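Novice: Protein chains in written order, with the working numbering: chain A, 26 to 455; chain B, 26 to 455. Each residue gets a CB set at the ideal place from its N, CA and C atoms; glycine is no exception. Remember, it's a predicted structure, so these values are computed and weren't measured experimentally. This is the structure, below, for whatever I ask next.
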């Protein structure tokens, strides 16, 4: 995390930002403006609008379980199309651009097709093209496997990770993520009308927010940014003005702003709950279950286990998973054979979370959350906490009420917090 | 041109043969049947149906003159999609398939983007995959440039060339070209209802036929096949049964069939004529004109120049070009500055040709062509001949009449020629 960054800017444009010819030209103008402003520019592009969905549909017309290597060969074409078209637009604006596939850009991954992990970034070709005064466009979401030289993809939202990984490898001054929203908000503006755009958020806060429902940035890209000290700027493709800067707590500290107790309220309605009734309350049982789930690629979010009552030492275990993983989860449990007396599923559950680095130094936040929800007669079914987050699983129907109540109770609206001239120094740890 | 070919078959499927999910599955079944019949199979696929046209349209929405390198990056995605989908279908049929891009398949080209020439085929990776008992699917129409490692494309119809080049490199027993027609016909069946499917044609005949309007095989692929002794079998994706074998005259000779005078009547309505009036009848003038046209990438077909009359030594020069090249041709002529007194263009002209290796040993064919057209009062405007072809430029309106008349006059209908037990040995030279 050196202070002296290069003059390279990485800009990433999501699917809605390259959806049609006008959007592509708009992205091209932004890229050219950055170049003309003196930066060397690497732009990472996603597939256009619904392209990836359409390709998936084509695959499912052919096969119910498409081969994953071939799926990657198929899906990787979408980003290449965006890049080639954007390069054409930039040429017409009088600048030299060159589009590169993930492979050509040196994004080296493991061989886990459809969810590959970046293991190396060999950015020599990008550097060479930048030195030739070119704008470099890189197809997001994809790489090349180190062992078999096959095309791989990084999973949904992987273009964010491509952008951050390139920013890290090139020591870019900033990684700008352009989407159809103008930044990260204190709550979903569709639910809370006076939600505030955050001027800054720490990596840790952003990680918790991404994990608990905020959709602006892909979780993995934030982790990568934190690990490599990449400054992220979430901005809108469609308006000017600053968005939200995602940086280290240290950098936020230097800005000398007051740290709020709570930064944002996030929510999710995309999870399901699995409850195993009557499992043996013995060492090793939970380990067996969650190892099997991890092996099946299921990310488990909240877990609770009640204490056994009586002498039979049988307990109930509940956990939540992303709804798309529910079938895999129940299949995996069934595959363990009679580990519990019964399995119940709750396909649609709600979750509301509050996130804020300031919670570390302000005890009592959890109590206030429970009190606020209790006042609204919103029943908390499960709770999960971290030093900077409190999540409550609640009825999906009550999510909007809970988000509004918490946003109001913690005074997150437009001008309540992070004043320009703070009275006190920030209370952060780093 | 060794006699002992390998057990490898190269199969090429055109755009209509992979247009929808059902067509892709049908192609997959053919490929699997060939594998189960004991052949090792390499299949080359084109882009689905209208995919390439749609991608071109997307580019033109962005830029009036899209950068050619980026055009190649864009267009090369179509064939990759076809290959990935077909590989999925083959997996579902219980066979192992792997799709390769042109680059992965070792198709090395020069750097002439959008019309690259294959300069080497490094088929090691294909051989390796065949040895692993895989069916190899290769994205047609594309390669990788040797100097810059950029994606290149071979021009429209380039997938035929990809298939033939791979067949040559792998010493395949045959290169099967699957399209929506069942072979090469003695004339266009839409014009001549009793047109005959040819069981065989020589490379030389096929070259003349492709050059004079037959659309079954791309000209360049036939040249490549002749130069490398690749046997081509043109077949239908949609019916079984043999199509047309395109082989050397030597191989046809061994089949011991009677060589007809004329093999087929071809026609074209896609050409235009340029007439330069009042050019100096001096050495070097024509050279200057046609060198400039060649440099501009314009293929000139028929050329005639009349003798100057009188003392001013001014002549008229006419030539025909593909209609898509007409603007480039007239721009090029204009760029030469006052080389003629005037330029006339005739945007739509017709051309009818008769092709047959037997013409070499049967004089008088040309006379008969002129007589047949004369009887129908079809005016011949220009004539071009080769040892095995006679082409006449005529009014576009009279093309169907001319084709019918010639087909009938030379008795090319269903059972007139190439009997199974010929009386005489064939009269061929090779």
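#1: Taking DSSP as the reference, what is the three-state secondary structure of residue 432 of chain B?
#2: Going by DSSP, what residues sit across from residue 258 of chain A in a beta bridge?
#3: Against residue 105 of chain B, what residues of chain A qualify as contacts under a CB-to-CB distance less than 9 Å, listed in chain order?
#4: Which residue wins for smallest C-alpha separation from residue 200 of chain A, given the options A:187, A:355 and A:298?
#5: For residue 216 of chain B, which residues from the same chain have a beta carbon less than 7 Å from its beta carbon, with the 5 sequence-adjacent residues on both sides left out?
#6: To the nearest angstrom, how far is it from the Cα of residue 289 of chain A to the Cα of residue 156 of chain A?
#7: Do you know how far the Cα of residue 120 of chain A is from the Cα of residue 170 of chain B?
#8: Kindly give me the distance between the Cβ atoms of residue 130 of chain B and residue 105 of chain B, rounded to whole angstroms, as I take these residues to be in contact under 8 Å.
#9: Please confirm if residue 152 of chain A has its CB atom under 8 Å from at least one CB of chain C.
#10: Taking all protein chains shown into account, decide if residue 122 of chain A is buried (16 or more other Cβ within 10 angstroms of its Cβ) or exposed.
#11: Taking the alpha-carbon positions, what's the residue 275 of chain B to residue 232 of chain B distance?
#12: With a Cβ-Cβ cutoff of 8 Å, do residue 365 of chain B and residue 309 of chain B count as a contact?
#13: Would you mind stating whether residue 345 of chain B and residue 326 of chain B have Cβ atoms separated by less than 8 Å?
#14: Measure the Cβ-Cβ separation of residue 103 of chain A and residue 73 of chain A and say whether it is below 8 Å.
#15: Look at residue 31 of chain A and residue 145 of chain A and say whether their C-beta atoms are less than 8 Å apart.
#16: Within its chain, find whatever has a CB closer than 8 Å to the CB of residue 118 of chain A; leave out the 5 residues flanking it on each side and keep chain order.
#17: Please name the residue or residues paired with residue 457 of chain A in a DSSP beta bridge.
#18: Would residue 84 of chain B count as contacting chain A if we go by Cβ distances under 8 Å?
#19: Which of the three DSSP states is assigned to residue 364 of chain A in this structure?
#20: Indicate whether at least one CB of chain A lies closer than 8 Å to the CB of residue 120 of chain B.
#21: Roughly how many angstroms separate the alpha carbons of residue 33 of chain B and residue 314 of chain A, rounded to a whole number?
#22: Report yes if the C-beta distance between residue 19 of chain A and residue 100 of chain A is below 8 Å; otherwise report no.
#23: Using a C-beta to C-beta distance shorter than 9 Å, which residues of chain B count as neighbours of residue 114 of chain A?
#24: Please determine if the region 163-182 of chain B and the region 221-229 of chain B are in contact, where contact requires at least 3 C-beta pairs separated by less than 8 Å.
#25: How would you call residue 35 of chain A, buried or exposed, if buried means at least 16 neighbouring beta carbons within 10 angstroms?
#26: According to DSSP, is residue 83 of chain B helix, strand or coil?
#27: With the cut-off set at 8 Å, would you say residue 189 of chain A and residue 209 of chain A are in Cβ contact?
#28: Along the region 156-175 of chain A, what residues have a CB closer than 8 Å to any CB found in chain B?
#29: Okay, do the region 384-398 of chain A and the region 353-368 of chain A touch, 3+ Cβ pairs below 8 Å being the bar?
#30: On a Cα-Cα basis, can you pick out the residue from A:249, A:160 and A:69 that is closest to residue 61 of chain A?
#31: Identify every residue that forms a DSSP beta bridge with residue 126 of chain B.
#32: To the nearest whole angstrom, what separates the beta carbons of residue 177 of chain B and residue 136 of chain B, a pair I think is in contact under 8 Å?
#33: Classify residue 88 of chain B: buried if its beta carbon has 16 or more other beta carbons within 10 angstroms, exposed otherwise.
#34: Pick out the complete alpha helix (DSSP H) segments inside the region 371-414 of chain B, 4 residues or longer, and give them in chain order.
#35: If you follow the alpha helix (DSSP H) that residue 118 of chain A is part of, which residue opens it and which one closes it?
#36: Mind listing, in chain order, the continuous beta strand (DSSP E) runs of no fewer than 3 residues lying wholly within the region 39-81 of chain B?
Specialist: Here's the rundown:
#1: helix
#2: A:201 and A:270
#3: 98, 99, 101, 102, 105 and 176
#4: A:187
#5: 425, 428 and 429
#6: 42 Å
#7: Straight-line Cα distance between these residues: approximately 23 Å.
#8: Not a contact, Cβ separation roughly 11 Å.
#9: Absent from the structure: chain C. Protein chains present are A and B.
#10: buried
#11: If you take the alpha carbons of residue 275 of chain B and residue 232 of chain B, they lie about 16 Å apart.
#12: no
#13: yes
#14: Yes, Cβ-Cβ distance for residue 103 of chain A and residue 73 of chain A is below 8 Å.
#15: no
#16: 53, 54 and 57
#17: As shown, chain A starts at 26 and ends at 455. That puts residue 457 of chain A outside it, with no answer to give.
#18: yes
#19: coil
#20: For residue 120 of chain B, the answer is no, since every Cβ of chain A falls outside 8 Å of its Cβ.
#21: 49 Å
#22: Beyond the ends of chain A as shown, which are 26 and 455, falls residue 19 of chain A; an answer cannot be given.
#23: What residue 114 of chain A touches in chain B, judged by beta-carbon distance under 9 Å, is 87 and 88, going in chain order.
#24: no
#25: buried
#26: helix
#27: no
#28: Answer in chain order: 174.
#29: no
#30: A:160
#31: Answer by DSSP bridge pairing: none, since residue 126 of chain B is not bridged.
#32: Residue 177 of chain B to residue 136 of chain B, Cβ: 7 Å. Contact.
#33: buried
#34: Within the region 371-414 of chain B, the complete alpha helix (DSSP H) runs of at least 4 residues fall at 390-400.
#35: Segment: none, residue 118 of chain A is in no alpha helix (DSSP H) and carries neither H nor E.
#36: List check, beta strand (DSSP E) in window: 65-70.
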